[in-house]
Amino acid sequence: MRKFKAGDTVCIIKPVCVRKKSGNIEVYQGCMVKVVKVGFDSCFCDIGLNKPVYIPKTHLRMVA
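Take the sequence shown: its letters are residues 12 to 75, numbered as in the working numbering.
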């Protein structure tokens, strides 16, 4: 499997819960996100909110 790089588009394959500013918790699964920064076991991803979110690499899959 190819390693993730900044700028890649990836798909979230497992559920990821994110608390929004309004206090609501939203579950993201199956949506496309853009990788901003890559860490050892997680990626800093832009999911369309006003702030990037850390997502474990086990929850992400590369898009062709």
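Cβ atoms here follow ideal geometry from the backbone N, Cα and C, with glycine treated the same way.
- Here Leu60 is exposed: its Cβ has fewer than 16 other Cβ atoms, across all protein chains shown, within 10 Å.
- At least 7 Å separates the beta-carbon of Phe55 from that of Tyr39.
- Following the DSSP letters along the chain, one finds Arg30 inside the beta strand (DSSP E) bounded by residues Val27 to Arg30.
- With a beta-carbon spacing of about 6 Å, Met73 and Val21 fall inside the 8 Å limit used to define contacts.
- Non-local C-beta neighbours of Val49 in its own chain, meaning closer than 6 Å and more than five positions away in sequence, comprise Phe15, ordered along the chain.
- With a threshold of 16 other beta carbon atoms within 10 Å, Ile23 meets it and is buried.
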